[in-house]
Ligand code: 13P
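Residue numbers (my numbering): 5 to 261.
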């Protein structure tokens, strides 16, 4: 039985006022509910503290969308793991496809960031996913294997409990094209199989694997109901309470299924 996680990746969206209003609205949405799933919001760096204050003690966690792997020092423009912990972040998203394909991050860099976060106890949402051309060439599983191997290189089994994997097929991100529930479950099962082979069955059984890519209120329940889908990493639909609220509710309904 795995606890669902519903995570909102705000990407480079909102401003201070709208970000605070969204966080307050979400806190109100979950108020009085039995939060049997993890709810996470990941705003842009400049709004992390304000959003953290706005979610208050609602039970909603706050995470960053990136971090650097070095200790604080002369790294202009970067943000250290210590700084994220300092302001109350519980999680960091790493390896998002936009960072891989727009900002040029490699598995090696993602792995360094993953290890830096884990070493300090910051939770990692590690994103993997294939391009359309990979899928069409029948390379989906090979790409997932490569990204899992690269991202988790030298990560000890004991640290896996601080990691959540997010499967985000790149062709489904922001396109309105969702993987069918069966496609998502198949990819998740493959990732779980990788974890069994490279760690062990209990690590694989315990790992939460989120689906991301055009998750909306009208498809969330079916996706989250799949046996290997343990939550969602939501982009566009995480930007309003009207959309993210029902996705959170779908996660609460499926938690521990
Ligand atoms: P969309 O939900 O906008 O497709 O974005 C998915 C995503 O990239 C979440 O990290």
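In this text, a Cβ means the ideal position worked out from N, Cα and C, and glycines have one as well.
Burial state of residue 248, where buried means 16 or more other Cβ atoms lie within 10 Å: By the neighbour-count rule (16 or more Cβ atoms within 10 Å), residue 248 is buried.
Inspect the beta-carbon positions of residue 71 and residue 100 and report whether they are closer than 8 Å. In this structure, residue 100 does not lie closer than 8 Å to residue 71 by Cβ.
With DSSP as the reference, please indicate the residues paired to residue 42 in a beta bridge. Here residue 42 is bridged, per DSSP, to 9.
At a cut-off of 7 Å, is residue 134 close to the ligand 13P when judged by its beta-carbon and the heavy atoms of the ligand? Residue 134 Cβ: outside cutoff for every heavy atom of the ligand 13P.
Best match in 120, 151 and 229 for proximity to residue 75 [C-alpha to C-alpha]: The shortest C-alpha separation from residue 75 is found at 120.
Can you confirm whether residue 254, when its beta carbon is compared against all beta carbons of chain C, has any partner nearer than 8 Å? No chain C is present in this structure, which holds just one protein chain.
Here's the rule: buried if 16 or more other CB atoms are within 10 angstroms of the residue's CB, otherwise exposed. What is residue 105? In this structure residue 105 is exposed. Its beta-carbon is surrounded by fewer than 16 other beta-carbon atoms within 10 angstroms.
Are there any heavy atoms of the ligand 13P lying less than 7 Å away from the beta-carbon of residue 218, as far as the coordinates show? Flag set: Cβ of residue 218 near the ligand 13P.
Under the rule that 16 or more other beta-carbon atoms within 10 Å means buried, what is residue 118, buried or exposed? The residue is buried, with at least 16 neighbouring Cβ atoms inside 10 Å.
Closest to residue 97 by CA distance: which of 113, 46 and 186 is it? Among 113, 46 and 186, the Cα nearest to that of residue 97 is on 46.
Locate the alpha helix (DSSP H) running through residue 96, then write down its first and last residues. It is not in any alpha helix (DSSP H) - residue 96 instead sits in the beta strand (DSSP E) that spans 95-98.
Heavy atom of the ligand 13P within 7 Å of residue 237 beta-carbon: Yes; taking the cut-off as 7 Å, the Cβ of residue 237 has a heavy atom of the ligand 13P nearer than that.
Given this structure, state the Cα-to-Cα distance separating residue 116 from residue 139, to the nearest angstrom. So the two alpha carbons sit approximately 27 Å from each other.
Among 17, 137 and 58, nearest to residue 243 - alpha-carbon criterion: Cα-wise, what sits closest to residue 243 is 17.
Look at the Cβ atom of residue 236, then the Cβ atom of residue 228, and state whether they are nearer than 8 Å. Yes. Within cutoff.
State the Cα-Cα distance for the pair residue 147 and residue 197, rounded to the nearest angstrom. Approximately 14 Å between the Cα atoms of the pair.
Can you give me the Cβ contacts of residue 12 inside the same chain, cut-off strictly under 6 Å, excluding the 5 residues immediately before and after it? Taking residue 12 as the centre and dropping the five residues before and after it, the same chain places the C-beta of 45, 238, 242 and 248 closer than 6 Å to its C-beta, in chain order.
Excluding the 5 residues preceding and the 5 following residue 160 in the sequence, name in chain order all residues of the same chain whose CB lies nearer than 6 Å to its CB. No residues qualify anywhere along the chain.
Which one of 214, 188, 63 and 85 has the shortest CA to CA distance from residue 125? Closest option to residue 125, Cα to Cα, is 85.
In the DSSP output, which residue or residues are listed as bridge partners for residue 216? 237, per the DSSP bridge assignment.
Can you find the residues in the same chain that come closer than 6 Å, C-beta to C-beta, to residue 226, ignoring five residues on each side of it along the sequence? Hits under 6 Å: 185.
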